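> Pasting in a structure now, in structure tokens, and then I'll have a few things to ask.
Residue numbers (our numbering), protein chains in the order written: chain F, 170 to 1047; chain L, 170 to 1047.
Here is the structure:
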């Protein structure tokens, strides 16, 4: 005979914590507590197999169930020394759901089962507390009528039970439920029952057994309620897991001043400090704590009021922590000085707390380092790594946009990128506010404390660039009306002028008026300790994407082991060099281009010198020019005219050239190594700048390890031609210098075709770096700049499990990544392989990169610790 | 001892036609003719292995070579009864190159080798024709000085030998070379020699042996001359094949009136008619025919002049044709009534001739049908399938653009698409002339006879759409200056106004003034016969891409077995419906969209009815809406204002909506099934129109076989949702109608991710159609609209062997196509698989599709016969 019912807290407990799949989380933990000898009101769990059976057999139970439940009730009665349905000595039950994984609020609960008029009267006699008993009864009828019998308000009507309750309070001239008398509640019970009869044509069942089975059925049915199904779809919980049902004797904290109820954490869930943290109410029920009618007292104060119960609770906490080796979130009730444990589970806590708890637990010898590393969710570190606001709560909220790049920034408003640069160079803190940003704004974005845009999504230019810079950004704040001509913005009735202070929260998307105090990032000792442990475990390298010596330093401070992506195009925009760049682009022949490039070369060289110094002894992967030239040319007439004057040509000529560079799909246009093929002199200049910089710093005692990366390769020949050219230039310079310098030449794999032909491509590349941003764009056929019009809907509808620009699509893009890695190493076994898309800082994607066998991931500086942790976890999961 | 020298025409011939790789084409055919007993001047071939040895061993010969050459000379002398270098009875040689594959004009030739002063005097005595002898001698010195000794004009100087020749003619007061006397030529020989000595410091070699070896070396060297290397790179001929050298006794057609020389084809190379076709000159050398000093006579007239030689030649022609079973291109010389065959090779001929020849040869029993089918190059059919011009040669050429879509069209110039429609509906023939076209011009493009643009490449909008329509198009004619405001264009000094006649040749790119007579396509009986044979052989189906009943009918006439791609968006532009489409797009809610869609539905239904009728009994694959909505909205202020008036909304609202639809990379934007997901009502309307149309025609006795195709699928869920919806709509309509109608629902595979996940996608698709245009764009990361700025350079530099938008890139994109096919059939073995990109009409790509195991290819109507033939050849190649 199959076993469907598992006792706990009775003479013998059937289950334990390992039986979570069968008994659900709540049931397994109740059994475990009972096994540990803790005082648990007796009860039993109907297993998830019954739920499965219920749905597989047209909503019916296994035939053995009734008998097993009956037997279990007898056992509970024996332990609790009361009888279910016996008016003389009534036992009441609660019925609660409990799935493998907590689905808070998704399924139904019924309390106080086992009351009818006769039994309630008996209970009054036994307890001597009439008001208490009729309140229980009133709650039962209300809850049962709703949950089990399905009495719901119609249309926009208020809940019928609440209507009756309100009416009663009005009639009595009172405001709160607990001001109603026992008699009032007794009347309400009858009124509730009458309402049920009237609306549903059925009577409230007086038979306790009927109540019990009705409630069990309601819980199983609620597993397939709309809310629960939707929740499981979103969370990816299989529908066939099913829920268990916990039937447990009621314990009461509201039977007098020797009773109490409370919740507590075994450690402080916000700081992680190792001390009990929680609150309680004397003479109260659990619901009262939530309702907020009375202010609960801190848990420490329980000691003075009920010293024995408190001591017992502290002991229970310690026992459970030692047992589970995790912070516990506990519910308890004290009934006439006697402690009853109602629930224990792993406590939710802040990221900072988690870090402190796991490192403390290692020190306490509770867990080992590997467990500590496993316990911290890498993405939870995110906001430990960025500045945050000390909010007073009185801030004026100007609007809310998308939390595009986390952090907190405060500064004076400027509306133009060049102004941001000027003000910043004068030592002013500024927030750059734009309708949307463009590559021309890079300098200003860099100079600003933060970026705020009125348009664009999580993958807009502003958002992507800001994340890359680790700069706070709120994007697509639709409430803003920006008037560039007047240098002001209006929003929600406020007008903000140039120079006014605002504060933006890139973690919440909020925009606030004035200067809000920010709190800088400081790493706790615990955090640093944890990172060291992660580094000891992981095998995957972690590099950073950084374009400036400053970013490189920050990232190194965060533990980056090199630069995986240094974009050279950002350097093209800075200061005066954009003029030389434009001169180069607008030249009609190679000679003209070479003349302009000669002006840029020394500036590029200086950039690289700074970066090599910051990364002394670590590899620096530098990507040669990638964006289409159209991004560099002036698009506004005034700038075109200025340009024409400077170059001494006709403005029409400038305009024609700019127009000729426009593309229908610039993402798929004349960019990357295609520029290297058609204008070899550009890459030649860049390679020269890289190698000359490396030579210079080497002479100054710095160890430079340049890795030259050729972007957007789609054919074998492109790479063959360009790497030969690069080696020719580099080889000549190194030979002439007499310096001992080694360098690599490799390529980005970001075109699907390159992944497919990786074996041939690897013949010409010393390393691969997967550019998964572009690879995702092309593999899906999604333009990151445009996908905002449908991608959110795709994720919401579950067409895609996640935004593939944030978490690597293992199923599709991942196939190309593993194929590329495998084929590449087939023809070059020592091929160095990394990733430099935004995915390099996403924990799931980092795990995938480890699994694929990459050598390193590269991510924005602030994500380096996240990647380090994720990489260590990947090893532990193996 | 290795054999390097192969005799022919001597007592024993060493080679034969099968030894083309070793002896080159010319040498192998000379040997074959000798074997057949035809009169070939004796000689020998130095094999290609010597060439290979020559380049692998620092330009030296195998040591055995000299001895073998000496022995061969002895054999030739024996046969020709003359001696090389013997003044009493001199034998002269020609030295010619001969590679495996003909490389016309790329390598060197030296004639009349073996003369010096003494030998020439001897030859005069023997031949009794002094002028003839000194002319040979003069030619030798000139040719040898140039080819072997390297005497070339300096800078812009005229050839030094030509200068001397001119001077001589001037001094003699004559105009033509052949008016010079023997004495003049004798003087020239000495003057030529002196010039060589003066310029090169070396003497012309008097020793015949030295002349011979010098010439042999010159031929081998010319294999690696710049011209030859470049030619091989373009044609894809391996550099290591090498050339053979043919040394052959000279025969002379210019020793008197009983001599002649000529060339002939065994059949008419322009019509294919089975009669000798060629011309000859009495008392002349080969060069004289080319020089054009005298007009050659038709070959038939030779019969009257030299009946025996003629008879012998006719016999030789027949023999060679019977032997090679191919049209022969022959060279011959008659020396004192004696026929000498100098060359035979497969004759080049027009496509029309090829068709006639191969079908005739089958009738004659010379070849079988399979051979006939194999012989015709599918791409050569191209211009049999399009109208062409009957040119007089006097046409005024206004300019030359790219031959973007073949055919010939003549009409009156219009500059606006709507005018093209109006004029065409008045029965006027028009040519639509635009700077470039946009999707808004579709209606006008359809109405016009042909399209001419000033900008854009082979893959511009105009070019792609025109090819799809099978409409003549010249694109990117840069000479045109179009002034829309004045309705005129200027080009090369001409002004063409609206209403003026022009003619455009889409096969050459020429634009001509006025009406040039065109010749319509008619299929010869032979052509039809050949196609029937191809159909008997092929296993691959051939469908067409057609959007209108007219195109469908044309394609059916060309043998299409169904429609593989019917694009619905073109229908959205026609006539008044674009207004309803715009109303739909500009609606702010589903209700508004449904209202507008209800107006479009009956029109779409009518379109489909027409197409189903035209394709009675054949499948019709209809693609649901694909382009981004931005393509449909008005972009000009005036149209926006009109729109605003009609819809009764503010123009600013229209403008804002239009702006909001603009995308950075529309190719990768909100289009295809992404529209179906976000606006399900659009696809719903289209499915309704398709199924209702099918029901209507079925009731009228037509067999409709609709295949509903969902475009741009990249995720499994997209297809799952959309196909379920489509089946729901279709199922309901069919059930309600009571009609017996079957249909399929499938998808395009055009996103790389879809190919990678084809196994899962096939679970929801009854057919796959590879959209290789988009698949190529995304796999390469090339935007077809923008690739013009680098793709031509890529092909020219050999980075890509071919334009991947014309011929499927088997190496890269092909991997995804075969992977997609294989994986798709893994989960659905009866999956129907086809291709509907432009590659469906490209012969190489058709072969690939056959190899991959597709069920059909689909191409533009005019390419259907090409695909049928290529598909048959693919079977024969297996």
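C-beta atoms are modelled at their ideal positions from N, C-alpha and C, and glycine is treated no differently. Since this is a predicted model, take the numbers as computed values, not measurements.
Are the segment 331-342 of chain F and the segment 270-285 of chain F touching, with three or more C-beta to C-beta distances below 8 Å?
The segment 331-342 of chain F is not in contact with the segment 270-285 of chain F.
> Which of the residues in the segment 879-902 of chain F, read from start to end, lie with their CB under 8 Å from any CB of chain L?
If the cut-off is 8 Å between Cβ atoms, the segment 879-902 of chain F has 881, 883, 884, 886, 887 and 890 near chain L.
> Can you round the beta-carbon distance between residue 730(L) and residue 710(L) to whole angstroms, since I take them to be within the 8 Å contact cut?
The count along the second chain starts at 1 and reaches residue 730(L) at position 561. The count along the second chain starts at 1 and reaches residue 710(L) at position 541. With a Cβ gap of about 5 Å, residue 730(L) and residue 710(L) count as contacting.
> Would you please verify whether the beta carbon of residue 833(F) is less than 8 Å from any beta carbon of chain L?
Residue 833(F) sits at position 664 when you count from the first residue of the first chain. Answer yes: the Cβ-Cβ gap between residue 833(F) and chain L drops below 8 Å somewhere.
> Going straight from the alpha carbon of residue 982(F) to that of residue 497(F), what length do you get?
For the purposes of this step, residue 982(F) is taken as the residue at position 813 of the first chain. For the purposes of this step, residue 497(F) is taken as the residue at position 328 of the first chain. Cα to Cα, residue 982(F) sits roughly 40 Å from residue 497(F).
> Between 500(L), 439(L), 404(L) and 742(L), which has its C-alpha nearest residue 1052(L)'s C-alpha?
Past the boundaries of the shown model lies residue 1052(L); chain L is included only from 170 to 1047, so the question cannot be answered.
> Measuring alpha carbon to alpha carbon, tell me which of 1038(L), 1012(L) and 1004(L) ends up nearest residue 1024(L).
In the second chain, counting from the first residue as 1, residue 1024(L) sits at position 855. It is 1004(L) whose Cα lies nearest to the Cα of residue 1024(L).
> Could you tell me the distance, in whole angstroms, from the CA atom of residue 258(L) to the CA atom of residue 297(L)?
Along the second chain, read from residue 1 onward, the residue named residue 258(L) stands at position 89. Along the second chain, read from residue 1 onward, the residue named residue 297(L) stands at position 128. Distance between the alpha carbons of residue 258(L) and residue 297(L) is about 13 Å.
> Check for me: the beta strand (DSSP E) holding residue 637(L) runs from which residue to which?
By one-based count along the second chain, residue 637(L) stands at place 468. Note, residue 637(L): premise wrong, no beta strand (DSSP E); alpha helix (DSSP H) at 630-638.
> Rounded to whole angstroms, what is the Cα-Cα separation between residue 1040(L) and residue 492(L)?
Along the second chain, one-based indexing puts residue 1040(L) at 871. Along the second chain, one-based indexing puts residue 492(L) at 323. Answer to the nearest angstrom: the Cα atoms are 28 Å apart.
> Using Cβ-Cβ distances below 9 Å, what residues of the segment 941-956 of chain F are close to chain L?
Listed by position, the residues of the segment 941-956 of chain F near chain L (Cβ gap below 9 Å) are 943, 946, 947, 948, 949, 950, 951, 952, 953, 954, 955 and 956.
> Going along the chain, which unbroken runs of the alpha helix (DSSP H) with 4 or more residues stay wholly within the segment 695-737 of chain L?
List check, alpha helix (DSSP H) in window: 718-726.
> Name the two residues that bound the continuous alpha helix (DSSP H) containing residue 590(F).
Within the first chain, residue 590(F) is the residue found at index 421, counting from 1. Counting along the chain, the alpha helix (DSSP H) containing residue 590(F) begins and ends at 586-594.
> Indicate the three-state DSSP secondary structure (helix, strand or coil) for residue 491(L) in the structure shown.
Taking the second chain and counting its residues from 1, the one referred to as residue 491(L) is at position 322. Helix, per DSSP.
> Identify, in the order they occur along the chain, each residue of the same chain with its Cβ nearer than 6 Å to the Cβ of residue 883(F), setting aside the five sequence neighbours on each side.
Start at 1 with the first residue of the first chain, and residue 883(F) comes out as number 714. Cβ neighbours of residue 883(F) beyond the five flanking positions: 920, 922 and 923.
> Would you list, in sequence order, the uninterrupted beta strand (DSSP E) runs of no fewer than 3 residues that lie entirely inside the segment 831-886 of chain F?
If we require 3 residues or more, the beta strand (DSSP E) runs fully inside the segment 831-886 of chain F come out as 874-879.
> For residue 498(F), which residues does DSSP report across the bridge?
Here residue 498(F) refers to the residue found at position 329 of the first chain. Beta-bridge pairing links residue 498(F) to 434(F) and 514(F).
> Can you say whether residue 331(F) is buried or exposed, counting buried as having 16 or more other CB atoms within 10 angstroms of its CB?
Residue 331(F) sits at position 162 when you count from the first residue of the first chain. It is exposed - the Cβ of residue 331(F) has fewer than 16 other Cβ atoms within 10 Å.
> Of the choices 793(L), 696(L) and 266(L), whose alpha-carbon is the least far from that of residue 894(L)?
Taking the second chain and counting its residues from 1, the one referred to as residue 894(L) is at position 725. The candidate whose alpha carbon is nearest that of residue 894(L) is 793(L).
> So which of 974(L), 779(L), 992(L) and 998(L) has the shortest CA-CA distance to residue 1010(L)?
Stepping through the second chain from its first residue, residue 1010(L) is reached at position 841. Residue 974(L) is the option with its Cα nearest to residue 1010(L).
> So, residue 526(L) versus residue 436(L), is the Cβ gap smaller than 8 Å?
The count along the second chain starts at 1 and reaches residue 526(L) at position 357. The count along the second chain starts at 1 and reaches residue 436(L) at position 267. Contact flag set, yes.
> If I measure Cβ to Cβ from residue 557(L) and keep anything under 6 Å in the same chain, skipping five residues before and after, which residues do I get?
Within the second chain, the letter at position 388 stands for residue 557(L). Result list for residue 557(L): 577 and 688, in chain order.
> Since residue 706(F) and residue 539(F) are thought to touch, with beta carbons under 8 Å apart, how far apart are those beta carbons, to the nearest angstrom?
Sequence index remark: in the first chain, residue 706(F) carries index 537 (1-based). Sequence index remark: in the first chain, residue 539(F) carries index 370 (1-based). Between residue 539(F) and residue 706(F) the Cβ distance is about 7 Å, and since that is below 8 Å, they are a contact.
> Within 10 Å of its beta-carbon, does residue 396(F) have 16 or more other beta-carbons around it, so buried, or fewer, so exposed?
Along the first chain, read from residue 1 onward, the residue named residue 396(F) stands at position 227. Flag for residue 396(F) reads exposed.
> Bridge partners for residue 666(L) per DSSP, in chain order?
Taking the first residue of the second chain as position 1, residue 666(L) is located at position 497. Residue 666(L) pairs with 657(L).
> If you draw a straight line from the C-alpha of residue 951(F) to the C-alpha of residue 598(F), how long is it?
Numbered from 1 along the first chain, position 782 holds the residue referred to as residue 951(F). Numbered from 1 along the first chain, position 429 holds the residue referred to as residue 598(F). Looking at the two C-alpha atoms, the distance is approximately 37 Å.
> Does any C-beta atom of chain L lie closer than 8 Å to the C-beta of residue 926(F)?
Start at 1 with the first residue of the first chain, and residue 926(F) comes out as number 757. Yes, contact with chain L.
> Does residue 649(F) come out as helix, strand or coil in the three-state DSSP assignment?
Against the first chain, residue 649(F) aligns to sequence position 480. Residue state, collapsed to three classes: coil.
> Decide if residue 229(F) is buried, meaning its Cβ has at least 16 other Cβ atoms within 10 Å, or exposed.
Reading the first chain from its first residue, position 60 is the one you call residue 229(F). Classification for residue 229(F): exposed.
> Can you give me the C-alpha to C-alpha distance between residue 806(L) and residue 686(L), rounded to a whole angstrom?
Your numbering for residue 806(L) matches position 637 in the second chain. Your numbering for residue 686(L) matches position 517 in the second chain. Going from the Cα of residue 806(L) to the Cα of residue 686(L) covers about 41 Å.
> List the residues that DSSP assigns as beta-bridge partners of residue 611(F).
By 1-based counting over the first chain, the position of residue 611(F) is 442. Answer is none; residue 611(F) lacks a bridge partner.
> Identify, in the order they occur along the chain, each residue of the same chain with its Cβ nearer than 6 Å to the Cβ of residue 214(L), setting aside the five sequence neighbours on each side.
In the second chain, the residue the question calls residue 214(L) occupies position 45. 175, 192, 196, 413 and 415.
> Locate the alpha helix (DSSP H) running through residue 1057(F), then write down its first and last residues.
This structure leaves residue 1057(F) out entirely; chain F is present only between 170 and 1047.
> Where are the alpha helix (DSSP H) runs, 4 residues long or more, that stay fully inside the segment 980-1005 of chain F, in chain order?
Segments of the alpha helix (DSSP H) lying fully in the segment 980-1005 of chain F: 982-996.
> Which same chain residues, not among the five before or five after residue 447(L), have their C-beta less than 8 Å away from its C-beta?
In the second chain, residue 447(L) corresponds to position 278, counting from 1. These residues qualify, in order along the chain: 431, 432, 433, 434, 467, 468 and 499.
> Could I get the ranges of all uninterrupted alpha helix (DSSP H) runs contained in the segment 182-209 of chain L, with 4 residues as the minimum, in chain order?
Segments of the alpha helix (DSSP H) lying fully in the segment 182-209 of chain L: 189-204.
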